[in-house]
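Student: The opening position of the sequence shown corresponds to residue 383 in this note's numbering, with each subsequent residue numbered one higher.
Where is the CB? At the ideal position from N, CA and C, for every residue including glycine.
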Amino acid sequence: MALRKREQWLALAALICVGAFAGDRFVASPLASLWKERTKRIAELGQQLSTGSALVEREEAIRNRWDTMKEQALPKDTSVAEKQVLQAMNEWIGTSRLAVSSVRPRWIEEKGQTHKTIECRVVAEGELASVARFMYELERDPMALRLEEVEITSREDRGQKLSLSLRFTGLVLTGE
383 MALRKREQWL ALAALICVGA FAGDRFVASP LASLWKERTK RIAELGQQLS TGSALVEREE
443 AIRNRWDTMK EQALPKDTSV AEKQVLQAMN EWIGTSRLAV SSVRPRWIEE KGQTHKTIEC
503 RVVAEGELAS VARFMYELER DPMALRLEEV EITSREDRGQ KLSLSLRFTG LVLTGE
C-alpha cells in the first residue's frame, strides 16, 4: 500500500510538471510576447501622438511658411518663370562683376508631380570676392531657388583668378 501511495504522489508530481510545462509553453509565453508587442505598439502610438500634437500646435506657423513658399515660387508660365530667373541672374552678375561664359537653363517635369523645376548651369570666371558675391546673391534671393552643385577651381598659381561652375534649381508649383 505504501508503494501505491508513492506511485500516486509521483504521478501527481509528473502531472503537475507536465501541466506547468504546458502552461508555460501554451499560456504564459504567448501572453508575455503579446504583452511585449502591445507595449511596443503603445510606445509607437505615443510617439505618433506627440508628433501629431506638435504639428497641431505649429499648424499656423507651418501654414504661414507654406503660404510664403507658394508666394516665392516661380510663376506657372514657363517662359515668364525662365525670364524671371534669367533677369535675376543678370542682376547677380552685375552686382558681383563676374564674367559669365555660359548659362544653360533646362526644364525638368516629372509625371504625376505637382511641381516642376528649372535647372540652370552657369560657368563663369572672376576673383574670389566676385564668386562669393554671386553665390551670396543667389542664396539670398527671395525666389524659390536652391543651389545644388558648386565647383570652384583656380585658373592660375596664385589663386586670384577662379573658375566657377554651378547648378541651381528653381521651383514652379503647378498644382495645389
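Give the list of continuous alpha helix (DSSP H) stretches no shorter than 4 residues that lie fully inside the region 413-455.
Tutor: The region 413-455 contains these whole alpha helix (DSSP H) runs: 441-454.
Student: State the start and end residues of the unbroken beta strand (DSSP E) segment that holds GLY508.
Tutor: Start and end: 497-508.
Student: Using the C-alpha atoms, what's the distance from LYS498 back to THR556?
Tutor: When rounded, the distance between both Cα atoms is 7 Å.
Student: With H, G and I counted as helix, E and B as strand and the rest as coil, what does DSSP make of ARG540?
Tutor: DSSP places ARG540 in coil when its eight states are reduced to three.
Student: Do ALA470 and ALA526 have their C-beta atoms closer together than 8 Å?
Tutor: Going by C-beta atoms, ALA470 is not nearer than 8 Å to ALA526.
Student: Which residues bound the beta strand (DSSP E) around ALA481?
Tutor: Note, ALA481: beta strand (DSSP E), 481-491.
Student: Give the DSSP bridge partners of THR551, in chain order.
Tutor: For THR551, which the question treats as bridged, DSSP gives the partners GLU501 and ARG528.
Student: DSSP three-state label for THR535, please.
Tutor: Reduced to three states, the DSSP call for THR535 is strand.
Student: Taking all protein chains shown into account, do 16 or more other C-beta atoms lie within 10 angstroms of the C-beta of LEU546, making it buried, or fewer, making it exposed?
Tutor: When all chains shown are included, LEU546 counts as buried.
Student: Give a yes or no on whether the C-beta atoms belonging to PHE550 and LEU529 are separated by under 8 Å.
Tutor: For PHE550 and LEU529, yes; Cβs fall inside 8 Å.
Student: State the beta-bridge partners of LEU546 as determined by DSSP.
Tutor: Bridge partners of LEU546: ALA506 and ILE534.
Student: Rank GLN430, GLU538, TRP474 and SER483 by C-alpha distance to the C-alpha of PRO518 and give the top, closest one.
Tutor: This sequence places Tyr at residue 518; Pro is not what is there. Residue TRP474 is the option with its Cα nearest to TYR518.
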